[in-house]
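Report on one structure; see the data block that follows.
Residue numbers (this note's numbering): 578 to 768.
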């Protein structure tokens, strides 16, 4: 969201999506505020970094690469922070470390490469799309492996799925802000 729209949408819209799927709204807002600290340099299709480069006369690609280097550690730990904040403590990481690590690396690597090679306009967008795909795959792999100590009991999983499963309508409702902002950006952007 920050990569596409910026200016607070990366907090307001994802926090409302998280609240829409049942997360505590206060934790969702705090988590989104903390995690939004890393992508802001490349937010709004790179506007902050492009503006800085034009004001200072620094080469845009060089500046973009240096920003990525500076922010890479915080970018790596952001998913872990989000899990701890939304899960209300470090114990929330139990069983989530593999999926969170996949989320972190699948965002960081393409994000870093895009910033170094393409410039500041697309790192957040490329990184987030890669991360979403990889997290979905990781969740399917890690949640279906009965030999892993971080998977829950099959009976517990069936009970949880029957009691807490989202319907397609609820999922579309929760994702509708993201879908709308993405469509608006694609229809109005010169990218």
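All C-beta atoms in this analysis are idealised placements derived from N, C-alpha and C, irrespective of residue type, glycine included.
Just so we're clear, the structure is a prediction, and the values are computed from it rather than from any experiment.
Of the choices 593, 678, 747 and 684, whose alpha-carbon is the least far from that of residue 615?
684
Can you give me the C-alpha to C-alpha distance between residue 590 and residue 648, rounded to a whole angstrom?
23 angstroms
Buried or exposed: residue 656, going by 16 or more other Cβ atoms within 10 Å of its Cβ?
Here residue 656 is buried: its Cβ has 16 or more other Cβ atoms, across all protein chains shown, within 10 Å.
Once you ignore the five residues that flank residue 715 on each side, which residues in its own chain have a CB closer than 6 angstroms to its CB?
676 and 679
Pick helix, strand or coil for residue 701, following the three-state DSSP scheme.
helix
Assign residue 603 to one of two classes, buried (16 or more other C-beta atoms within 10 Å of its C-beta) or exposed (fewer than that).
exposed
Short of 7 angstroms in beta carbon distance, which residues of its chain neighbour residue 736, apart from the five on each side in sequence? Order them along the chain.
Low local confidence applies: a pLDDT of 47 at residue 736 is under 50, so the model's placement there is unreliable, with the coordinate-based value given in what follows. Once the five neighbours on either side are set aside, residue 736 has no close Cβ partner at all.
Could you check how far apart the C-beta atoms of residue 644 and residue 692 are, in whole angstroms? I think they sit under 8 angstroms.
7 angstroms
To the nearest whole angstrom, what separates the beta carbons of residue 777 and residue 585, a pair I think is in contact under 8 angstroms?
The structure shown does not extend to residue 777, since the chain is modelled only from 578 through 768, so no value can be given for it.
Roughly how many whole angstroms lie between the Cα atoms of residue 669 and residue 632?
Cα to Cα, the separation comes out at about 43 angstroms.
Using 10 angstroms around the beta-carbon of residue 765, count the other beta-carbons present and answer buried if the total reaches 16, otherwise exposed.
exposed
Is residue 615 helix, strand or coil when you go by DSSP?
coil
Taking only the alpha-carbon atoms, compute the straight-line gap between residue 618 and residue 759 and give it to the nearest angstrom.
When rounded, the distance between both Cα atoms is 19 angstroms.
By the three-class DSSP mapping on this structure, what secondary structure does residue 668 have?
DSSP, reduced to helix, strand and coil, places residue 668 within a helical segment of the structure shown.
Environment of residue 636 [buried if 16+ CB atoms lie within 10 Å]
exposed
Take residue 611 and list the residues in its own chain whose beta-carbon comes closer than 8 angstroms to its own, dropping the five residues that flank it on each side.
Cβ within range, chain order: 655, 658, 659 and 662.
How about residue 753 and residue 696: do their beta carbons lie closer than 8 angstroms?
no
Where does residue 622 sit, in a helix, a strand or coil, going by DSSP?
helix
Which residue comes first and which comes last in the alpha helix (DSSP H) that contains residue 762?
745-765
How long is the line joining the alpha carbons of residue 587 and residue 720, rounded to whole angstroms?
Each residue's Cα considered, the two are about 28 angstroms apart.
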